[in-house]
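Shown next, in structure tokens, is the structure this report addresses.
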Amino acid sequence: MQKKIEVMIVFNTTYLVSAEIHDTWLQWITCQYIPDMLSTQCFAEPRLFKVLVEETEGITYSLQFSARTVAQVREWQNKHKERQESQQKDMFGESVLFFSTYLKEIV
Numbered sequence: 003m004q005k006k007i008e009v010m011i012v013f014n015t016t017y018l019v020s021a022e023i024h025d026t027w028l029q030w031i032t033c034q035y036i037p038d039m040l041s042t043q044c045f046a047e048p049r050l051f052k053v054l055v056e057e058t059e060g061i062t063y064s065l066q067f068s069a070r071t072v073a074q075v076r077e078w079q080n081k082h083k084e085r086q087e088s089q090q091k092d093m094f095g096e097s098v099l100f101f102s103t104y105l106k107e108i109v
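Per the numbering used here, the very first residue in the sequence shown carries number 3; after that it's consecutive.
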């Protein structure tokens, strides 16, 4: 079990996944992408949510990781972001659309 950290920053990525590749994407995100993100040592505590909104273009998910500091997020951006995003685009192309946001926990 992973150690719980004091949450300061939440790195959130929202995905819109086409139904045709949904099962393949879900397997990839849970078995490859999440472990790869954790291996960077920049993030902890992954949480994957299905967004409960009906979409005509696909299925929406929110993937969140915790980080202690903005510096950890910047480290990921500088060292890992390009490789990881390119891998997603190479594997799924336009079948998976995504955008990321950084959230600061208030309460």
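Here a beta-carbon is modelled for each residue, glycine too, at the ideal position from N, C-alpha and C.
- Straight across, the Cα-Cα distance linking residue 54 with residue 76 is about 30 Å.
- Close CB contacts of residue 74 within its chain, under the 6 Å cut and outside five residues either way in sequence, are with 44 (chain order).
- Taken through DSSP and simplified to helix, strand or coil, residue 87 comes out as helix.
- As DSSP reads the structure, residue 12 sits in a beta bridge with 68, 105.
- For residue 29 and residue 104, the gap between their C-alpha atoms comes out near 25 Å.
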